[in-house]
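Down below is the structure, laid out as structure tokens.
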Amino acid sequence: MIFLTDTPIDYHALTESVRSPQSGAVVLFLGTVREMTGDRRTLALEYEAYPEMASAKLAELEETARSRWPIDRVGVVHRLGHLELGEISVAVAVSCPHRRQAFEAGQFLIDQLKVSVPIWKQENWDDGSKEWVDLQH
Amino acid sequence: MLQIKLFARAKELAGAAAIEIIWNDGETVTRLRERLGEQVPALKPLVPRLLVAVNRDYVKDDAVIRLTDEVACFPPVSGG
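If you're matching them up, the sequences are chains B and C in order. Here the first sequence is numbered in numbering that gives the first Met the number 0, starting from 0 and rising by one per residue. Here the second sequence is numbered in numbering that gives the first Met the number 0, starting from 0 and rising by one per residue.
Structural data, given as structure tokens:
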């Protein structure tokens, strides 16, 4: 299950969706809106996506992860639009027979999501300014 | 004309979610960067760093673009 949403992420439902009797390990990663970046204070974030390509890239990532780890089920949800401090921007849930596989697969998925999936965030700083986050990969 | 989707700061600088540029079928991504700089001056500072996607996949500067392709340009991604 991979999708983009404009509404709050139900990470409990997402976690339940990957649980199964075949898997002894379920890992859930949540990315949340952090207040401080160095000395600067964030009030909110705005996320934008190229939805068709983001969905395609996420599906590719799932396929690659499945070729490397014995994944049972995967759920990835990314939130778009306006997010307040502390809200969940991304959730990755993965189930595997054993915990090491689940941790590794989950880490791979979130790490790769951040470098290859066309989604962008804009900082709303507490001084009223807005700035697209521009990372050097 | 070739239609190009823009996202994030690229969309903001150009003031539009999609633009059209003059295009000859089969020209490369390198040519696309030149034309973007010429035809959309506001994008110029970002052009060298823009990522280019053709039919929803990343391409390198020597890739060829057809008039029927879905083309998008955007800054490095920052999701998560």
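C-beta: ideal position from N, C-alpha, C; glycine also. No experiment lies behind these values; they were computed from the predicted model shown.
- Across the stretch 3-21 of chain C, CB contacts with chain B closer than 9 Å involve K4, F6, A7, R8, K10, E11, in sequence order along the chain.
- Sequence-ordered contacts of the stretch 114-125 of chain B with chain C read V114, S115, V116, P117, I118, W119, K120, Q121 [C-beta pairs closer than 8 Å].
- In the three-state DSSP reduction, S54 of chain B falls in the helix class (H, G or I).
- Residue contact check for R65 of chain C against chain B: no CB pair falls below 8 Å.
- Think of a sphere of 9 Å around the beta carbon of E86 of chain B: no beta carbon from chain C falls inside it, the nearest being about 14 Å out.
- Here the alpha carbon of R65 of chain C sits roughly 12 Å from the alpha carbon of I21 of chain C.
- By the CB criterion at 8 Å, I109 of chain B and F2 of chain B fall outside the cutoff.
- Counted as a single uninterrupted DSSP element, the beta strand (DSSP E) harbouring F28 of chain B occupies residues 24-31.
- Judged by beta-carbon spacing, L1 of chain C lies within the 8 Å limit of E19 of chain C, meaning their Cβ atoms are closer than that value.
- When secondary structure is reduced to three states using DSSP, E86 of chain B falls in the coil class, being assigned neither helix nor strand.
- Using a Cβ-Cβ cut-off of 7 Å, V132 of chain B is close to S77 of chain C, given in chain order.
- In the displayed model, Y49 of chain B falls within coil according to three-state DSSP, outside both helix and strand.
- If you check the CB distance, H81 of chain B and I118 of chain B do not come in under 8 Å.
- W124 of chain B is positioned such that its CB atom lies closer than 8 Å to that of R40 of chain B.
- Chain-ordered listing is empty here: chain C has no CB closer than 8 Å to the CB of G37 of chain B, the nearest sitting near 16 Å.
- At a cut-off of 8 Å, the C-beta of A41 of chain C has no neighbouring C-beta in chain B.
- Here DSSP, grouped into helix, strand and coil, assigns V51 of chain C to strand.
- If you check the CB distance, Q121 of chain B and K129 of chain B come in under 8 Å.
- By the criterion of at least three beta-carbon pairs nearer than 8 Å, the stretch 49-69 of chain B is in contact with the stretch 94-107 of chain B.
- Within chain B, W119, W131, D133 have C-beta atoms less than 8 Å from the C-beta of P74 of chain C, given in sequence order.
- DSSP, reduced to helix, strand and coil, places E26 of chain C within a strand of the structure shown.
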